[in-house]
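*Asks:*
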Amino acid sequence: MSINTMKAIRLHEFGGPEVLRYEEAPIPELKSGEVLIRVHAVGINPPDWYLREGYKDLPPEWRPPVPFPVILGSDVSGVVEAVATDVQSFSVGDEVFGMVRFPSFGESAAYAEYVAAPESDLALKPAGIDHIHAAGAPMAGLTAWQFLIELGHSEANPLQPESHRPVPLSGKTVLINGAAGGVGHLAVQLAKWKGAHVIAVASGKHESFLRELGADEFIDYTKYPPEDVAQDVDLVLDTLGGPTTSRFLRTLKRGGALFPVFLGFSDAEEAAKLDVTVSMTQVRSNGPLLVELGRLLNAGTVRVAIDSIFPLADARKAHERAAGGHIQGKIVLTVE
Ligand SMILES: NC(=O)c1ccc[n+]([C@@H]2O[C@H](COP(=O)([O-])OP(=O)(O)OC[C@H]3O[C@@H](n4cnc5c(N)ncnc54)[C@H](OP(=O)(O)O)[C@@H]3O)[C@@H](O)[C@H]2O)c1
Numbered sequence: 000m001s002i003n004t005m006k007a008i009r010l011h012e013f014g015g016p017e018v019l020r021y022e023e024a025p026i027p028e029l030k031s032g033e034v035l036i037r038v039h040a041v042g043i044n045p046p047d048w049y050l051r052e053g054y055k056d057l058p059p060e061w062r063p064p065v066p067f068p069v070i071l072g073s074d075v076s077g078v079v080e081a082v083a084t085d086v087q088s089f090s091v092g093d094e095v096f097g098m099v100r101f102p103s104f105g106e107s108a109a110y111a112e113y114v115a116a117p118e119s120d121l122a123l124k125p126a127g128i129d130h131i132h133a134a135g136a137p138m139a140g141l142t143a144w145q146f147l148i149e150l151g152h153s154e155a156n157p158l159q160p161e162s163h164r165p166v167p168l169s170g171k172t173v174l175i176n177g178a179a180g181g182v183g184h185l186a187v188q189l190a191k192w193k194g195a196h197v198i199a200v201a202s203g204k205h206e207s208f209l210r211e212l213g214a215d216e217f218i219d220y221t222k223y224p225p226e227d228v229a230q231d232v233d234l235v236l237d238t239l240g241g242p243t244t245s246r247f248l249r250t251l252k253r254g255g256a257l258f259p260v261f262l263g264f265s266d267a268e269e270a271a272k273l274d275v276t277v278s279m280t281q282v283r284s285n286g287p288l289l290v291e292l293g294r295l296l297n298a299g300t301v302r303v304a305i306d307s308i309f310p311l312a313d314a315r316k317a318h319e320r321a322a323g324g325h326i327q328g329k330i331v332l333t334v335e
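Residue numbers (numbering that gives the first Met the number 0): 0 to 335.
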């Protein structure tokens with residue numbers, strides 16, 4: 000490896016996991032406000048395979064132009080190697096974690112030995128957890144936080160005209176669909192931390208895992224339709240979303256809320272009739288919110304579960320694991 004290059008996973012074309020290439024790429028140059036991170040671990044997330052596949056399931060107007068070759072990924076944990084002269088919050092040697100530049104599309108990304116990240120996207124890694132667990136936290140944790148607790152920014156919402164507004168959780172019944180996945184397992188813990196009664200929906204193998212994380216009730220969706228079993232719920236966070244999310248309208252109380260995390264809801268008239276608020280948002284990078292989440296991770300109030308770990312060079316196997324479904328927690332790549 001020459002002095003200005005690093006190993007990275009890059010795409011030269013769209014396709015299946017086989018198009019992920021482990022190869023040399025230039026080490027990103029620092030711009031104003033940025034921190035160069037020596038990456039120790041990378042958390043993988045659905046947008047990574049949406050990009051790999053050419054965003055084929057997104058509406059055409061949502062598909063950004065992709066300049067090949069491109070590095071994938073947003074979530075990292077690592078050590079600060081260098082800082083731009085105007086960086087205030089971090090110094091060389093700090094351990095940091097963050098979701099880098101999401102949802103915008105930058106030239107530096109996570110599946111690499113080095114990533115250049117805006118300092119505003121980062122927080123100090125909680126000292127009590129390792130890089131693998133910290134790398135699993137940012138996108139899933141920020142999604143759960145921005146849907147359930149606090150949006151943390153005033154940028155326009157690309158998914159609806161109005162801003163997404165979390166609802167009070169204390170003493171409320173909250174159903175989380177897809178509860179064992181990246182977003183779901185952190186949402187279960189955050190809703191419990193906020194004092195909600197939590198109903199977790201997942202396939203049966205995740206029951207003891209979710210009860211250990213604090214779920215009060217568990218519904219195995221492979222045995223019972225959760226929308227028929229649960230009733231009088233105040234809030235449904237549907238981490239699957241999509242067109243099937245409307246079935247949860249009948250699960251909710253009048254005045255309740257349905258938060259789908261993926262596009263596809265189309266029953267606005269029915270929701271209005273039932274007085275149910277349907278709202279969604281797109282997760283955004285946010286260092287200050289990660290500081291707050293980091294406190295909970297450090298205290299053990301919230302923990303990141305690890306589904307599986309692969310070396311960066313085996314990103315293909317990690318994507319194949321993701322395609323197999325039934326993820327419990329997070330898939331993480333380690334970087335030597
Ligand atoms: N709006 C945003 O900004 C935003 C941000 C992050 C993620 N997302 C979206 O959120 C979704 C979830 O992301 P993630 O990272 O949590 O994914 P993930 O880690 O892959 O988790 C998905 C989970 O859903 C469960 N599941 C699958 N089918 C199910 C069903 N029919 N009913 C209930 N559970 C089911 C899976 O396990 P079992 O089937 O074994 O239960 C798995 O644990 C993705 O579509 C992603 O694109 C949106």
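Cβ coordinates follow ideal geometry from the N, Cα and C atoms, glycine included.
In this text the structure is predicted, and so the values were computed from the model without any measurement.
(1) State the DSSP-derived secondary structure class of residue 22, mapped to helix, strand or coil.
(2) Is the Cβ-Cβ distance between residue 239 and residue 255 less than 8 Å?
(3) Is residue 204 buried or exposed, if buried means 16 or more other CB atoms sit within 10 Å of its CB?
(4) CB-CB under 7 Å to residue 285, same chain, minus the five flanking residues each way: which ones, in chain order?
(5) Counting pairs of Cβ atoms below 8 Å between the stretch 305-322 and the stretch 4-19, do you hit three or more?
(6) Counting C-beta neighbours from all protein chains within 10 Å, is the total for residue 299 16 or more, i.e. buried, or is it exposed?
(7) In chain order, which continuous runs of the beta strand (DSSP E) of length 3 or greater are located wholly inside the stretch 199-234?
(8) Which residue comes first and which comes last in the alpha helix (DSSP H) that contains residue 272?
(9) What residues match up with residue 96 in a beta bridge as DSSP calls it?
(10) When DSSP labels each residue in this structure, what does residue 242 get in the three-state scheme?
(11) Can you name the start and end residues of the beta strand (DSSP E) that residue 146 belongs to?
(12) Is residue 12 buried or exposed, if buried means 16 or more other CB atoms sit within 10 Å of its CB?
(13) Under the criterion of a Cβ to heavy atom distance below 7 Å, does residue 220 qualify as lining ligand 1?
(14) Taking just the CA atoms, how far does residue 262 sit from residue 59?
(15) Near residue 253, what residues of its chain come up, given a Cβ to Cβ distance below 6 Å and the 5 sequence neighbours on each side ignored?
(16) On the DSSP bridge list, what partners appear for residue 329?
(17) Expressed to the nearest angstrom, what Euclidean distance is found between the alpha-carbon atoms of residue 334 and residue 189?
(18) DSSP state of residue 263, grouped into three classes?
(19) Pull up the DSSP beta-bridge partners for residue 310, would you.
(20) From the DSSP secondary-structure annotation, give me the bridge partner or partners of residue 69.
(21) Which residues mark the beginning and the end of the alpha helix (DSSP H) in which residue 110 is found?
(22) Any contact between the stretch 205-223 and the stretch 160-171? By contact I mean 3 or more CB pairs, one from each, below 8 Å.
(23) Hey, how far is the Cα of residue 327 from the Cα of residue 295?
(24) What distance in whole Å lies between the Cβ atoms of residue 139 and residue 172, which are believed to be in contact at a cut-off of 8 Å?
(25) Can you tell me which of 225, 211, 121 and 24 puts its alpha carbon nearest to the alpha carbon of residue 202?
*Replies:* According to the structure data:
(1) Your numbering for residue 22 matches position 23 in the sequence shown. It is a strand residue.
(2) On the sequence shown, position 240 is the one that residue 239 refers to. On the sequence shown, position 256 is the one that residue 255 refers to. No. Outside cutoff.
(3) For this step, residue 204 is matched to residue 205 along the sequence shown. By the neighbour-count criterion, in which 16 or more other beta carbons inside 10 Å mark a residue as buried, residue 204 falls on the exposed side.
(4) Here residue 285 corresponds to residue number 286 of the sequence shown, with the count starting at 1. In the same chain as residue 285, and ignoring 5 residues on each side of it, the C-beta atoms closer than 7 Å to its own belong to 141, 151 and 152, in chain order.
(5) With three or more CB-CB distances shorter than 8 Å, the stretch 305-322 counts as touching the stretch 4-19.
(6) For the purposes of this step, residue 299 is taken as residue 300 along the sequence shown, with counting starting at 1. Residue 299 should be labelled exposed.
(7) With a minimum length of 3 residues, the continuous beta strand (DSSP E) runs that stay inside the stretch 199-234 are 216-219.
(8) Residue numbering aside, residue 272 sits at position 273 when the sequence shown is read from its first letter. Per DSSP, residue 272 belongs to the alpha helix (DSSP H) from 267-272.
(9) Mapped onto the sequence shown, residue 96 falls at position 97. For residue 96, which the question treats as bridged, DSSP gives the partners 76 and 122.
(10) The residue labelled residue 242 in the question sits at position 243 within the sequence shown. Judged by DSSP in its simplified three-state form, residue 242 adopts helix.
(11) Working through the sequence shown from its first residue, we reach residue 146 at position 147. Here residue 146 belongs to no beta strand (DSSP E); instead the alpha helix (DSSP H) covers 137-147.
(12) For this step, residue 12 is matched to residue 13 along the sequence shown. With fewer than 16 other Cβ atoms within 10 Å, it is exposed.
(13) Position 221 of the sequence shown, counting from 1, holds the residue named residue 220. Yes; taking the cut-off as 7 Å, the Cβ of residue 220 has a heavy atom of ligand 1 nearer than that.
(14) Residue 59 sits at position 60 when you count from the first residue of the sequence shown. Residue 262 sits at position 263 when you count from the first residue of the sequence shown. Between residue 59 and residue 262, the C-alpha separation is close to 13 Å.
(15) Residue numbering aside, residue 253 sits at position 254 when the sequence shown is read from its first letter. Contacts found: 274.
(16) Residue numbering aside, residue 329 sits at position 330 when the sequence shown is read from its first letter. Answer by DSSP bridge pairing, in chain order: 305.
(17) Within the sequence shown, the letter at position 335 stands for residue 334. Within the sequence shown, the letter at position 190 stands for residue 189. Pairing residue 334 with residue 189, the inter-Cα distance amounts to about 29 Å.
(18) Here residue 263 is taken as the residue at index 264 of the sequence shown, counted from 1. Here residue 263 sits in coil by DSSP.
(19) Residue numbering aside, residue 310 sits at position 311 when the sequence shown is read from its first letter. For residue 310, DSSP records a beta bridge to 333.
(20) Residue numbering aside, residue 69 sits at position 70 when the sequence shown is read from its first letter. DSSP lists 10 as partners of residue 69.
(21) Counted from its first residue, the sequence shown places residue 110 at position 111. It is not in any alpha helix (DSSP H) - residue 110 carries neither H nor E in the DSSP assignment.
(22) In this structure the stretch 205-223 does not touch the stretch 160-171; the number of beta carbon pairs closer than 8 Å is below three.
(23) Here the question's residue 327 lines up with position 328 in the sequence shown. Here the question's residue 295 lines up with position 296 in the sequence shown. Approximately 20 Å between the Cα atoms of the pair.
(24) Position 173 of the sequence shown holds residue 172. Position 140 of the sequence shown holds residue 139. 23 Å between Cβ atoms; not a contact.
(25) Position 203 of the sequence shown holds residue 202. Ranking 225, 211, 121 and 24 by CA distance to the CA of residue 202 puts 225 first.
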